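For the sequence shown, position 33 (counting from the first letter as 1) is numbered 32 according to numbering that gives the first Met the number 0, and the numbering increases by one without interruption.
What follows is a short report on a single structure.
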Amino acid sequence: MKEKLLDKLACPKCRDKLKLTKQKTKDNKITEGTLTCSKCKQKYPIKQGIPNLLPKTKNKK
């Protein structure tokens, strides 16, 4: 994920800005990290350069 993409992303829960924390980079791209919402504090992982902005679901059995 390129860092300039951060300006275009918003929290899917409350639509506020996301802040990058805990990052690992390679070739000027973010490969691992966490996006944290400035307002609701929800956290979204970045794994293998892909941010996962899907809401967490509870596994029902």
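C-beta: ideal position from N, C-alpha, C; glycine also.
Keep in mind that this is a model prediction, so the values were computed, not measured.
TODO: Figure out for me which residue from K16, N51 and D6 has the closest Cα to the Cα of T30.
DONE: The alpha carbon of T30 has as its nearest neighbour, out of K16, N51 and D6, the alpha carbon of N51.
Pull the bridge partners of P54 from the DSSP assignment, please.
DSSP output for P54 lists no bridge partner at all.
From the DSSP secondary-structure annotation, give me the bridge partner or partners of E2. For E2, which the question treats as bridged, DSSP gives no partner whatsoever.
query = Run through DSSP, which three-state label would K28 get?
reply = Three-state result, K28: strand.
Review point. Considering only residues of the same chain and omitting the five flanking positions on each side of Q22, which have a CB-CB separation below 6 Å?
Key: Leaving aside the five residues that flank Q22 on each side, the residues in its chain whose CB is nearer than 6 Å to its CB run, in chain order, I29 and G32.
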